[in-house]
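In UniProt numbering, the protein residues as written are 1 to 248.
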């Protein structure tokens, strides 16, 4: 690996970890970077998923102030998101990517719309329990885990948009949940792809530490953003990522 490639990976990992902790979508920085450096599509996807996983964990740890009182909710949905992630990882490893690639931009636009019209959608859907073990939450995290296991990029956007719709919680606390669930997806994909995926370990060794630093920075930024600013930041990220995918 050449020196400029190392610096490119370090910069991309730092930026991706920060973006993932704030709103999600950081893999849309690192995945194209890996493809640009010459990795085949599936190898880039798998190596990227392993590289950003530590950043998710760092973001979750840094979000602890907003996780108080949510332990029961977290443990009630961890098995569901693990199951969804395993299904998505299996799809990536054993089926063609082409069909899902067509769907991904539309999923991101849906996430942006869910965030932009969050309050209207909640009014239409009616009040949801904040208990965290409802069918709505279970379905939401399973589908997000499925997406995260398959493609990973912008999974955090889908998670935070879905959770904001089904939970009566401030957006900062939902963002903290998003970081925890993203970390669970990351651990699951690490175990799965390490055993069965075409991982480029040299790339992971350079990229992963940078995402950890970025995850800590991003979580601290998210805790300081006003709720509405954070919500519209997420909307902008989702639309931008969808446009990028439409163009590629």
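Backbone N, C-alpha and C fix where the C-beta goes; we use that ideal spot for every residue, glycine too.
For residue 173, the uninterrupted alpha helix (DSSP H) run begins and ends at 171-196, by DSSP. In this structure the region 74-92 does not touch the region 204-212; the number of beta carbon pairs closer than 8 Å is below three.
Following the DSSP letters along the chain, one finds residue 100 inside the alpha helix (DSSP H) bounded by residues 98-116.
The distance from the Cβ of residue 20 to that of residue 26 is about 4 Å, consistent with a contact at the 8 Å cut-off.
For the set 91, 47, 140, the Cα lying nearest the Cα of residue 178 is the one of 140.
For residue 149 and residue 189, the gap between their C-alpha atoms comes out near 6 Å. Taking a cut-off of 8 Å on C-beta distances, the region 192-201 does not touch the region 163-175, as fewer than three cross pairs fall below it. Using a Cβ distance threshold of 8 Å, residue 241 and residue 157 count as a contacting pair. Bounds of the alpha helix (DSSP H) holding residue 80 are 71-94.
A Cβ-Cβ contact shorter than 8 Å links residue 115 with residue 234. The region 131-156 contains, as complete alpha helix (DSSP H) runs of 4+ residues, the segments 135-150 (chain order). When 203, 173, 236, 52 are compared, the shortest CA-CA separation from residue 63 is found for 173. Annotated three-state conformation of residue 37 is coil, per DSSP. With respect to the C-alpha of residue 68, the residue from 239, 199, 205, 176 having the closest C-alpha is 176. Taking C-beta atoms under 8 Å as the contact rule, residue 18 and residue 52 fail to qualify, at a distance of about 11 Å. With a contact defined as Cβ atoms closer than 8 Å, residue 238 and residue 111 qualify at about 5 Å. Excluding its 5 nearest sequence neighbours in each direction, residue 11 has C-beta neighbours in its own chain below 8 Å: 210, listed in chain order. For a cut-off of 8 Å, the C-beta gap from residue 83 to residue 142 is around 7 Å, short enough to register as a contact.
With respect to the 8 Å criterion, residue 217 and residue 28 are not classified as neighbours on the basis of their beta carbons.
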